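Colleague:
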Ligand SMILES: [Zn+2]
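Residue numbers (our numbering): 443 to 735.
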């Protein structure tokens, strides 16, 4: 089994647990420090998992739920603000990979007036987005076959941690889909604050390792923000990044290992327990269907 970042086969067990009733093993790469599951062993590395099983296992429903849509709306407004802050220019054409119910697409379409296209393997979510008039594809391959025009912005919001070959997928996006002056917008859970260990999370990213993945795929990170929106105003549960493609021909730099991962994870989770105890109302913000309780 090889590391999903540096491809070394030197690793050791980092954690063994159960998630949604399935046993999980996470490994840590001895060379680069990445925390990952074996894609060969994981159910979540099978494309059929996302077409049907994923949403049912996670939320007992294959349809978008009110809570899920609310989270997506909050994220969409946060990401809109970030794009304005970084001022990479208004995108003319935007692609959302792992578009879910299309909430981010609708928000960007409305706010930036851009043309939007989505890729979503989950059938019920894709149908929901289509029913709202959005142009959707079931896979990147289907999109690349059907439409060769490039995009000014490609977003992958809570997607990268699910991919068995994150570097390969990002390279494909850079070569086939992103315009030379385009930008990539990413969000992933932060291993130093978020639980991260979940059935469908093949990789647990830190700010360091996600930046290294981007470098290996030919991107330069120009913005990295740690935050808890919309779940917490104190815990940096998520990492949001903007990355730009390096000019063609730029040599891929050697991977810099993430160090002291275990200590930083412990420190992050200890901080989280303290904050939860001292300021529970800020540590975890209420979700809409929790408000009536
Ligand atoms: Zn590695």
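Every residue gets a Cβ at the ideal spot worked out from N, C-alpha and C, and that includes glycine. Note that the structure is predicted; figures quoted are calculated from it, not measured.
Assess contact between the stretch 538-550 and the stretch 572-579, defined as three or more Cβ pairs (one per stretch) separated by less than 8 angstroms. Is contact present?
Modeller: Result yes; three or more Cβ-Cβ pairs closer than 8 angstroms.
Colleague: How many angstroms separate the CA atom of residue 555 from the CA atom of residue 459?
Modeller: Distance between the alpha carbons of residue 555 and residue 459: 45 angstroms.
Colleague: Any idea if residue 588 is buried or exposed, counting beta-carbon neighbours within 10 angstroms, 16 or more meaning buried?
Modeller: Exposed: under 16 other Cβ atoms inside 10 Å.
Colleague: Which residues does DSSP list as the beta-bridge partners of residue 558?
Modeller: Looking at the DSSP assignment, residue 558 forms a beta bridge with 536.
Colleague: What's the call for residue 661, buried or exposed, on a 16-neighbour Cβ count within 10 Å?
Modeller: Residue 661 should be labelled buried.
Colleague: Any residue with its C-beta under 6 angstroms from a non-hydrogen atom of ligand 1 counts. Can you list them all in chain order?
Modeller: Listed along the chain, these residues meet the criterion: 445, 447, 448, 450, 471, 473, 474 and 476.
Colleague: Which partner residues of residue 470 appear in the DSSP bridge assignment?
Modeller: For residue 470, which the question treats as bridged, DSSP gives the partners 454 and 477.
Colleague: Please work out which residues of its chain come closer than 7 angstroms, Cβ to Cβ, to residue 638, disregarding the five sequence neighbours upstream and downstream, and give them in chain order.
Modeller: The answer, listed in chain order, is 631 and 646.
Colleague: Rounded to whole angstroms, what is the Cα-Cα separation between residue 564 and residue 570?
Modeller: About 10 angstroms.
Colleague: Output yes or no for whether 8 angstroms exceeds the beta carbon distance between residue 717 and residue 725.
Modeller: Cβ atoms of residue 717 and residue 725: closer than 8 angstroms.
Colleague: Decide if residue 669 is buried, meaning its Cβ has at least 16 other Cβ atoms within 10 Å, or exposed.
Modeller: By the 10 Å Cβ count, residue 669 comes out buried.
Colleague: CB residue 673 to CB residue 593, shorter than 8 angstroms?
Modeller: Cβ atoms of residue 673 and residue 593: not closer than 8 angstroms.
Colleague: Taking the alpha helix (DSSP H) that residue 624 falls in, what are its first and last residues?
Modeller: Looking at the DSSP string, residue 624 is not in any alpha helix (DSSP H); the run it does join, the beta strand (DSSP E), is 620-631.
Colleague: May I ask you to report which of helix, strand or coil DSSP gives residue 697?
Modeller: Looking at residue 697 - three-state DSSP - the assignment turns out to be coil, as it is neither helix nor strand.
Colleague: In chain order, what residues of the same chain lie with their CB nearer than 8 angstroms to the CB of residue 608, ignoring the 5 residues before and after it?
Modeller: For residue 608, where only same-chain residues beyond five positions count, the Cβ hits under 8 angstroms are 446, 447, 602, 645, 655 and 659.
Colleague: Is the stretch 688-701 touching the stretch 461-480 in the sense that three or more CB pairs, one from each, lie closer than 8 angstroms?
Modeller: Contact holds: three or more Cβ-Cβ distances are below 8 angstroms.
Colleague: Considering only residues of the stretch 649-721, which uninterrupted beta strand (DSSP E) runs meet the minimum length of 3 residues and lie entirely inside it, listed in chain order?
Modeller: 661-669 and 680-687, all fully within the stretch 649-721.
Colleague: Please check the pair residue 522 and residue 549, which I expect to be a contact at CB under 8 angstroms, by giving their CB distance rounded to whole angstroms.
Modeller: At roughly 6 angstroms, the Cβ-Cβ gap stays under 8 angstroms, so residue 522 and residue 549 are in contact.
Colleague: Among 606, 650 and 648, which has the Cα closest to the Cα of residue 484?
Modeller: For the residues 606, 650 and 648, the minimum Cα distance to residue 484 belongs to 606.
Colleague: Between 538, 620, 582 and 678, which has its C-alpha nearest residue 688's C-alpha?
Modeller: Answer by Cα proximity: 620.
Colleague: Determine which residues share a DSSP beta bridge with residue 464 and list them.
Modeller: For residue 464, which the question treats as bridged, DSSP gives the partners 461.
Colleague: In whole angstroms, give me the CA-to-CA distance for residue 444 and residue 479.
Modeller: Residue 444 and residue 479: Cα-Cα distance of roughly 10 angstroms.
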